[in-house]
Amino acid sequence: MSNQINVLSEKCIGCALCVKQCPFGAITLAERPDHPKKLKLAVIDLHKCTFCGACVEACSKFGAISMVKEEPIKLDIDPSHYRGLWVYAEQRHGEISPVVYELLNEGRRLADKLQTPLCAVLIGSQIESKAHDLIQRGADKVYVYDDPVFVEFQDDSYSDILSHLIEKEKPEIILMGATNIGRSFASRVAAKIRTGLTADCTALEVDLSNRNLMQTRPAFGGNIMATILTPRHRPQMATVRHKVFKQAKRDPNRKGEIIKKTADVSKIINRTKFLEFVKDTSAKVNLSDADIICSGGRGLGKPEGFKLIEELAECMGGAVGSSRAAVDAGWIAYSHQVGQTGRTVAPRVYFACGISGQIQHMVGMGSSEIIVAINKDPNAPMMKAATFALEGDVYEIIPWIIRKVKKSRGLE
Amino acid sequence: MHFIVCIKQVPNTTNVQIDSSTGTLKREGVESIINPFDEYAIEEAVRLKERTGGKATVITMGPPQAETALREAIARGIDNAILVTDRAFAGADTWATSYTLANAIKAIGSYDLILCGKQATDGDTAQVGPGIAEMLDIPHVAYVKKIEDINDKNARVERMMEDGYDLIEMPLPGLMTVVKEINTPRLPSLRGMMASKKAQIPHWTAQTVNAEKNNIGLTGSPTQVMKIFSPPPRPGGQTLAGSQEEMAETLVEKLRQAQII
């Protein structure tokens, strides 16, 4: 039997509620000239339908959509053989990425609920000393691969070694940061071990009845949220966005086990060759990790405007971002671009200076805790979305803000 | 050399409107476009073809309507296209999509480089590219912002990272996912548009690509959507009043209260 979804033509009144709710644009209304009241009929495109059930819910009043989901294939694994919640302890140039501490915090909470150990996996070169740090932040066990072959991240070697460890130790959940490394690496591992991977999660919960991880993530640029399960496969894998969880606090007295693993270097798949790392010297603060981001847009009117944005960022201790318009105008490098075709960020404070707030920009920063908009146009979408909207010329207002911040810090 | 570009047709969110009563996207009349990141992959394939000689093939998995996206890719300089379409593919997650596309690529035969956009703007997962590479057992580099050098054995590429870029050498055949910085896509040419009109685009089914039923569509997808809901609306903000100095003063005070300053 396959999945079935049907519109019951005698119950459908063509109200379009389902059309509006369908996140995949799979439903359209068709004319029904032979209908006594000429009511329209909802038609579901089965090529686009994912059987998510949003339309069934939307139609609860009329009950005109019936859906029968296929019985899931039986697990070819026994989920009770899978225990332990893992956090991939991503490191870059020997430093643990901040998102790892966030994952350890949330991971600890979920592991306690599941009554299962929280383990970290650390891969790198001359990295062993960092294992204690992970224990102090909440890990019960740390698996460490410390070998010169792992000195720089490469998808082949890292996914090869992690997949082997997963197959041997059988964790039930693996969390990784939704970083450039995490998103590339996790995809490869999930494909290798044939399990589900949910990208870019912003909320996690566990169902104790079946130990399923409920993974909530934004889709369609944050316009809808979806909760995803990996019901029949283990481990359940997710990448998690920066800044959605608080960092685990360090407890210097915490004890845990460090398990040193050795890799058989001759057997590791490693087809790519790392040549060199070239640091971006234009960014003093890393955009993804920043708690405060000061972004400029077309409203700056000229490239020199970013001098002022940099000044604001420096005084706030933040990073410099930009809208697509400013990047396309050549005022600032693409690595600063926030939005759909740039980076997704979620700082504590986002300053949008002269940024009107096109939807593609909004999806990249809409989950910031506080949005400060500075714009001449009070009707700009960004001004409406802002926590604090300041109407006026960016060149006049920003210097005032800088002055007031310095004053409040006793610098002036 | 043979370049294969994997693309996806997505709803155009440029002028999309939000239904204020439900807080959801208004989908009526939303046109479908080539995923914006895939345009860079298409352009890069065409440039590589011009640089090294050879041909470029574009492939997508999707409903029959996705043929429009393939024709547009041809108009932009791609030589031929394949549509992988079957009702049995519906509801595929990233694993099942990677599997299906990898099988289709196996059916195409030999190739040197597969190019994908960094991610699609509807799902935003960035998972299918690396997934295809794994299933084809070839190396991949994600977030490529520049191909410094390429020959039929190797490619030297810049991988964009949060703190700069990594220079990586990848043997071919391999797969890259590309970011916006890699190029500026050209507009379709007149000659391209003629070719696009005339192109015969084969439709490949699950059977053509030799895909196993248990690995495709919703059935073959390890992840399942449990529920879909609208995000909670952002709490309303406030417009600060007063002179510029007063607005700045108020703002700093608010940020101080929020323990930011």
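Taken in order, these protein sequences are the chains called H and F.
All the letters of the first sequence, read from the start, carry residue numbers 1 to 412 under our numbering.
All the letters of the second sequence, read from the start, carry residue numbers 413 to 673 under our numbering.
Cβ coordinates follow ideal geometry from the N, Cα and C atoms, glycine included.
Item	Value
Quick one: which residues of the stretch 386-404 of chain H get their C-beta closer than 9 Å to a C-beta of chain F? List them in chain order.	Ala386, Thr387, Phe388, Ala389, Leu390, Glu391, Gly392, Asp393, Glu396, Ile397, Ile398, Pro399, Trp400, Ile401, Ile402, Arg403, Lys404
Pull up the distance between the alpha-carbon of H/Trp400 and that of H/Val363, whole angstroms please.	29 Å
Name the DSSP bridge partner or partners of H/Lys261?	H/Tyr145
Taking the CB atoms as reference points, tell me whether F/Ala554 and F/Arg571 lie closer together than 8 Å.	yes
Judging by CA-CA distance, which residue of F/Pro643, F/Ala504, F/Cys528 is the nearest neighbour of F/Ala545?	F/Cys528
Under 7 Å between beta-carbons, which chain H residues line up against F/Gly489? List them in chain order, please.	Those within 7 Å of F/Gly489 in chain H number zero; the least Cβ separation is about 21 Å.
Tell me which same chain residues have a C-beta within less than 6 Å of the C-beta of F/Thr662, skipping the five on either side of it?	Leu652
Which partner residues of F/Met473 appear in the DSSP bridge assignment?	F/Val496
Which chain F residues sit within Cβ distance under 7 Å of H/Cys52?	Val637, Ile640
By Cβ distance, which residues of its chain are closer than 6 Å to H/Asp160, with the 5 residues on each side in sequence left out?	Ile268, Ile269
Using a Cβ-Cβ cutoff of less than 8 Å, which residues in the same chain neighbour H/Lys255 once the five nearest sequence positions on both sides are dropped?	Ile135
Which word fits H/Ser335, buried or exposed, when buried means at least 16 other C-beta atoms lie within 10 angstroms of its C-beta?	buried
Just the Cα atoms here: how many angstroms apart are H/Leu308 and H/Gly299?	13 Å
Could you give the residue range of the beta strand (DSSP E) that holds F/Pro597?	First-last for F/Pro597: undefined, no H or E at that position.
Taking H/Thr179 as part of the beta strand (DSSP E), name the residues at either end of that continuous run.	From DSSP, H/Thr179 is part of no beta strand (DSSP E); its letter is neither H nor E.
For F/Arg674, return the contacting residues in chain H, with the cut-off set at a CB-CB distance below 8 Å.	Outside the shown range of chain F (413 to 673) lies residue 674 of chain F, about which nothing can therefore be said.
Is it right to say H/Thr262 is buried, meaning 16 or more other beta carbons lie within 10 angstroms of its own, or is it exposed?	exposed
Compare the C-beta of F/Ser522 against all C-beta atoms of chain H and say whether one is closer than 8 Å.	no
Cα separation between F/Ile672 and H/Ser368?	13 Å
Would you list the one or two residues that DSSP bridges to F/Phe449?	DSSP lists no partner for F/Phe449.
Could you tell me the alpha carbon to alpha carbon distance between H/Thr28 and F/Ala532, rounded to whole angstroms?	23 Å
Please report whether the beta-carbon of F/Pro423 lies at a distance below 8 Å from any beta-carbon of chain H.	yes
Residues in the same chain with beta-carbon distance under 6 Å from H/His81, minus the five sequence neighbours each way, listed in chain order, please.	Lys170
Out of H/Pro218, H/Ser282, H/Tyr395, H/Pro235, which one is the CA nearest neighbour of H/Val320?	H/Ser282
If you reduce the DSSP assignment to three classes, tell me which class H/Asn212 lands in.	strand
Taking the continuous beta strand (DSSP E) assigned at H/Phe51, which residues delimit it?	Run containing H/Phe51: none; DSSP gives neither H nor E here.
Per DSSP, H/Lys243 is paired with what?	None, per the DSSP bridge assignment.
Give the interface partners of F/Trp616 over in chain H, defined as CB-CB distance under 8 Å, in chain order.	Residues of chain H passing the Cβ test: none, with the nearest at roughly 14 Å.
Just to confirm, are F/Ala485 and F/Val417 a CB contact at a threshold of 8 Å?	yes
Closer than 9 Å, Cβ to Cβ, to anything on chain H: give me those residues from the stretch 464-477 of chain F, in chain order.	Gly474, Pro475, Pro476, Gln477
Return the bridge partner residues of H/Thr28 from the DSSP annotation.	H/Val43
With H/Lys279 as the anchor, note down where its beta strand (DSSP E) starts and where it stops.	273-279
Determine, using beta carbons only, whether H/Cys18 and H/Cys59 come nearer to each other than 8 Å.	yes
Report, in whole angstroms, the separation of the C-beta atoms of F/Trp616 and F/Ala457, which I expect to be a contact under 8 Å.	The Cβ separation is near 20 Å, so there is no contact.
Roughly how many whole angstroms lie between the Cα atoms of H/Lys69 and F/Ala670?	47 Å
In three-state terms, what does DSSP make of F/Cys528?	strand
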